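Residue numbers (our numbering), protein chains in the order written: chain A, 11 to 149; chain B, 153 to 685. Even for Gly, the Cβ is constructed at its ideal location relative to N, Cα and C. What you are looking at is a predicted structure, and each value in this text was computed from that prediction instead of being measured. Working notes, structure below.
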Amino acid sequence: MLIANIDSYAPIVVVALIALTMAAGMLTLAHVLGPKARHGSVKDAPYESGMPPIGSTHRRLNVRFYIVAVLFLLFDVEVIFLWPWAKVFHAAAANGVTIPLENGGVADKGFLLIGMGIFFSLLVFGLLYEWKKGAFRWE
Amino acid sequence: MNFEQLSMLAPEFTMLVGGCLALLVGATSASQRAQLVSPLAFITIVAALLMTLSLGTPESAQVIPGLWLSSLTFYVRCVALVVGAIIVLVNWHQPTASERGEYMALILFSLLGVLLTASSNDLIVLFFSIELVSIPTYVLIGLSREDSRASESAVKYFFLGALSAAILAYGMSFLYGAAGTTLLQTSGDGASIAAWASHGVMSGTAIVGLLLILAGLAFKVAAVPLHVYVGDVYEGAASPITGLLGFVPKLAGFVALIQIFSACQWDVPDAAYWAIWAMAAATMTVGNVVALLQTNVKRMLAYSSVAHTGYMLVALLVGPMAGHGPMHNGVAALLFYIAVYGAMNLGLFAVLSAFARRGKPIETLDDLAGLATVSPLIGLATAVCSFSLMGLPPTAGFVGKLYVFSSAFSLGAEHAFQKPLIILAVIGVVNSAIGAAYYLRIVASVYIRESDESPTPVAGHPVRWGIALCSIPLLVLFVWPVGLLDTARQASVPTNAPVHSVKVVEASGITSAPNTTPPVLLNEMPFAAASRD
Numbered sequence: 011m012l013i014a015n016i017d018s019y020a021p022i023v024v025v026a027l028i029a030l031t032m033a034a035g036m037l038t039l040a041h042v043l044g045p046k047a048r049h050g051s052v053k054d055a056p057y058e059s060g061m062p063p064i065g066s067t068h069r070r071l072n073v074r075f076y077i078v079a080v081l082f083l084l085f086d087v088e089v090i091f092l093w094p095w096a097k098v099f100h101a102a103a104a105n106g107v108t109i110p111l112e113n114g115g116v117a118d119k120g121f122l123l124i125g126m127g128i129f130f131s132l133l134v135f136g137l138l139y140e141w142k143k144g145a146f147r148w149e
Numbered sequence: 153m154n155f156e157q158l159s160m161l162a163p164e165f166t167m168l169v170g171g172c173l174a175l176l177v178g179a180t181s182a183s184q185r186a187q188l189v190s191p192l193a194f195i196t197i198v199a200a201l202l203m204t205l206s207l208g209t210p211e212s213a214q215v216i217p218g219l220w221l222s223s224l225t226f227y228v229r230c231v232a233l234v235v236g237a238i239i240v241l242v243n244w245h246q247p248t249a250s251e252r253g254e255y256m257a258l259i260l261f262s263l264l265g266v267l268l269t270a271s272s273n274d275l276i277v278l279f280f281s282i283e284l285v286s287i288p289t290y291v292l293i294g295l296s297r298e299d300s301r302a303s304e305s306a307v308k309y310f311f312l313g314a315l316s317a318a319i320l321a322y323g324m325s326f327l328y329g330a331a332g333t334t335l336l337q338t339s340g341d342g343a344s345i346a347a348w349a350s351h352g353v354m355s356g357t358a359i360v361g362l363l364l365i366l367a368g369l370a371f372k373v374a375a376v377p378l379h380v381y382v383g384d385v386y387e388g389a390a391s392p393i394t395g396l397l398g399f400v401p402k403l404a405g406f407v408a409l410i411q412i413f414s415a416c417q418w419d420v421p422d423a424a425y426w427a428i429w430a431m432a433a434a435t436m437t438v439g440n441v442v443a444l445l446q447t448n449v450k451r452m453l454a455y456s457s458v459a460h461t462g463y464m465l466v467a468l469l470v471g472p473m474a475g476h477g478p479m480h481n482g483v484a485a486l487l488f489y490i491a492v493y494g495a496m497n498l499g500l501f502a503v504l505s506a507f508a509r510r511g512k513p514i515e516t517l518d519d520l521a522g523l524a525t526v527s528p529l530i531g532l533a534t535a536v537c538s539f540s541l542m543g544l545p546p547t548a549g550f551v552g553k554l555y556v557f558s559s560a561f562s563l564g565a566e567h568a569f570q571k572p573l574i575i576l577a578v579i580g581v582v583n584s585a586i587g588a589a590y591y592l593r594i595v596a597s598v599y600i601r602e603s604d605e606s607p608t609p610v611a612g613h614p615v616r617w618g619i620a621l622c623s624i625p626l627l628v629l630f631v632w633p634v635g636l637l638d639t640a641r642q643a644s645v646p647t648n649a650p651v652h653s654v655k656v657v658e659a660s661g662i663t664s665a666p667n668t669t670p671p672v673l674l675n676e677m678p679f680a681a682a683s684r685d
């Protein structure tokens, strides 16, 4: 039964094959047909007629950027959860669609609202904590 | 869902709110306010405990999808919160003032994870609960002291813990593939792992899944061969946090194992049975033998914790419905033993954190020399905890070991694994004797050994209270173990699942509450029926 369903994955395989062929073909064609590059110390420099680069490009980033990245991830993921919730809530609020629960009850508007309320208040609390802790201060 | 059902989760909500408050109070810059964090954490746990007691043993039922309250929930809530309150007492002054909020909040969140593990009714909820237990402990090790060894052990524990979580999740995916649902049990005849397991023999997929789950949880409970981290991690963390590490992840791991096995009707396939058998034998032996070779007390106790996992695995293998006689219930013995283990292990680590020698925390047996002359009462408490770990009367450790091993010996001849289990119990008894050697070295160091420089007390009153609260119950439980053991017995039959456990309920004379809620299918997957064969 699982094997039978594998037919529906055929388009993905086709798309993947086309993408691979196109990418490989373009690179090969550019290599074969394109003008041959000259090599030399000046030609291979990062900026041929510009300034000579100073220092390594593999420098350490300031640790503050990591905090920014973590905060971004946190509040970005939040939106991922909000979006499907909003769709379901809209269905429940506008059309009265309910989800039957295991214990015999139903997940109606109130249930969805309480669930998201708990989730969201935890996130707001997290924001408050970050603020108090000074994570938003650049200095 | 109504509010009456939600109020059954009051202890969990209390822990959540208390943890958040501790974070917020700790984040305020005023250092006076940081002094409020430890009392706040303590009050939160006591409040959650009082709520648990006033709610009583919940009717075995699902409150919200994925959470199922039962007598197991009640028992684990009580044990985790009582020991959790002592953990907070022992850690009272440990963190620096600027980090106290995070520190206490992480302890509360980790305990919350234990509570949720005991009430989860879904593989996914179970997985997240175990991660909620584990992730705070990674951070706590690093926060616990300013030492490169603490950072090292935090990183080690984190990477190995992440690996074990991956193995656990992978195993759960196999079990889901075989059973077609992630629900552990349902009130009616809906799709659940319990209903699936009661129908017939397990497929190869299910056995692979169970073995992987076993491997993932073996890391949490520190069973051989996934025990290699304990020495370094327990040594690197500050003593008060090591006390937590020896108990909280172990409790969560064993509760998760009980949950999964009871969903599988304790009908463990032979491959998994022999795997646990070998694991238990190796865990007891390796733990005790390696502990014999240590001079560092923390490493010694780390390997002793491995050995105790082995004893508990014996009881797990016996299961709840084997044999005859008053002590036939292996799971009740396991639940009783782990509660006692939590107290005696934490007591010794509290003693270690209560003293310093030459300005450094106590680490080796030499550091402990002369402790009894400095503080006779704490010396006595050390002796009580050590004797209890050893399994000598008059302590609860003796009662615990008695229950664990007699559950194996009371197996009837009709049990397929009667002989292997009796051999295992004999290995366990021999190991207890080996273990006595190194626990006696601790007691000898405290009482007999002379020292040029005795340890000096550094702890405040909360730590002293913590030591007292660990050691006195060990003596009380020796005289009167019935209260705890009866609760453990009730907790060992948490399911109202159809087949075997009903038999046990009748045999032990406990009537489970009838379930009135009608079955509604939610998690039934399209290929559930197909993958059964």
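Chain B contact residues for residue i, given Cβ-Cβ distances below 7 Å
i, result
"Y139 (chain A)", "L175, L176 and A179"
Contacts of residue i in chain A (Cβ-Cβ under 8 Å)
i, result
"C537 (chain B)", "Per Cβ cutoff of 8 Å: no residues; C537 (chain B) is ~37 Å from chain A at best."
Own chain residues within Cβ distance below 8 Å of residue i, not counting five before or after
i, result
"T166 (chain B)", "T196, A199, A200 and M203"
6 Å Cβ shell around residue i - same chain, five flanking residues per side excluded
i, result
"V107 (chain A)", "A101"
"L292 (chain B)", "L258 and I393"
"H351 (chain B)", "none"
"A588 (chain B)", "M542"
"G661 (chain B)", "Bear in mind that the predicted position of G661 (chain B) carries a pLDDT of just 38, short of 50, making it too unreliable to give a figure here."
"L284 (chain B)", "G265"
"Y599 (chain B)", "A524"
"V231 (chain B)", "A491"
Proximal chain B residues relative to residue i, where beta-carbon distance stays under 8 Å
i, result
"K142 (chain A)", "L176, A179 and T180"
Interface flag, residue i vs chain B, CB-CB below 8 Å
i, result
"F135 (chain A)", "yes"
Residue-level contact to chain A via CB, residue i, 8 Å cutoff
i, result
"M167 (chain B)", "no"
"C230 (chain B)", "no"
"E156 (chain B)", "no"
"D638 (chain B)", "no"
"P650 (chain B)", "Note that P650 (chain B) has pLDDT 38, beneath the 50 cutoff, so the model's placement of it is unreliable and the number below is only indicative. With 8 Å as the cut-off, P650 (chain B) does not count as an interface residue toward chain A."
Cβ separation of residue i and residue j, assumed to be a contact under 8 Å, to the nearest whole Å
i, j, result
"A467 (chain B)", "L486 (chain B)", "4 Å"
"A408 (chain B)", "L363 (chain B)", "Going by Cβ atoms, the distance from A408 (chain B) to L363 (chain B) rounds to 15 Å, so no, they are not a contact pair."
"L626 (chain B)", "G549 (chain B)", "7 Å"
"L636 (chain B)", "F488 (chain B)", "6 Å"
"W418 (chain B)", "Q337 (chain B)", "Contact flag wrong, Cβ pair sits at about 13 Å."
"I319 (chain B)", "C416 (chain B)", "Not confirmed; about 18 Å, so no contact."
"F399 (chain B)", "G494 (chain B)", "4 Å"
"L576 (chain B)", "W426 (chain B)", "L576 (chain B) to W426 (chain B), Cβ: 11 Å. No contact."
"M452 (chain B)", "G580 (chain B)", "In fact, because the Cβ distance is near 19 Å, the residues do not count as touching under 8 Å."
Chain-ordered chain A contacts of residue i [CB-CB under 7 Å]
i, result
"C172 (chain B)", "F135"
Boundaries of the alpha helix (DSSP H) in which residue i is found, first to last residue
i, result
"L188 (chain B)", "Neither: L188 (chain B) is in no alpha helix (DSSP H) and is coded neither H nor E."
"M464 (chain B)", "V449 to V470"
"C622 (chain B)", "H613 to V631"
"Y290 (chain B)", "L275 to S296"
"G395 (chain B)", "S391 to A415"
"K372 (chain B)", "G356 to V373"
"R252 (chain B)", "R252 to S271"
"V431 (chain B)", "Residue identity differs from the one stated: residue 431 (chain B) is Met in this sequence, not Val. Unbroken alpha helix (DSSP H) run through M431 (chain B): D422 to L444."
"M542 (chain B)", "P528 to M542"
"L315 (chain B)", "S300 to A331"
Extent of the continuous beta strand (DSSP E) run through residue i
i, result
"R507 (chain B)", "Checking the sequence shown, residue 507 (chain B) turns out to be Phe, not Arg. Unbroken beta strand (DSSP E) run through F507 (chain B): F507 to R509."
"V215 (chain B)", "A213 to I216"
"L221 (chain B)", "L219 to L221"
Residue-chain proximity (residue i, chain C), Cβ-Cβ < 8 Å
i, result
"A193 (chain B)", "Checking the listed chains, one finds no chain C in this structure; the protein chains it contains are A and B."
Cutoff 7 Å; reference residue i; Cβ partners in own chain excluding five residues on either side
i, result
"E164 (chain B)", "L264, L267 and L268"
"F146 (chain A)", "E140"
"V536 (chain B)", "T547, S623, L626 and L627"
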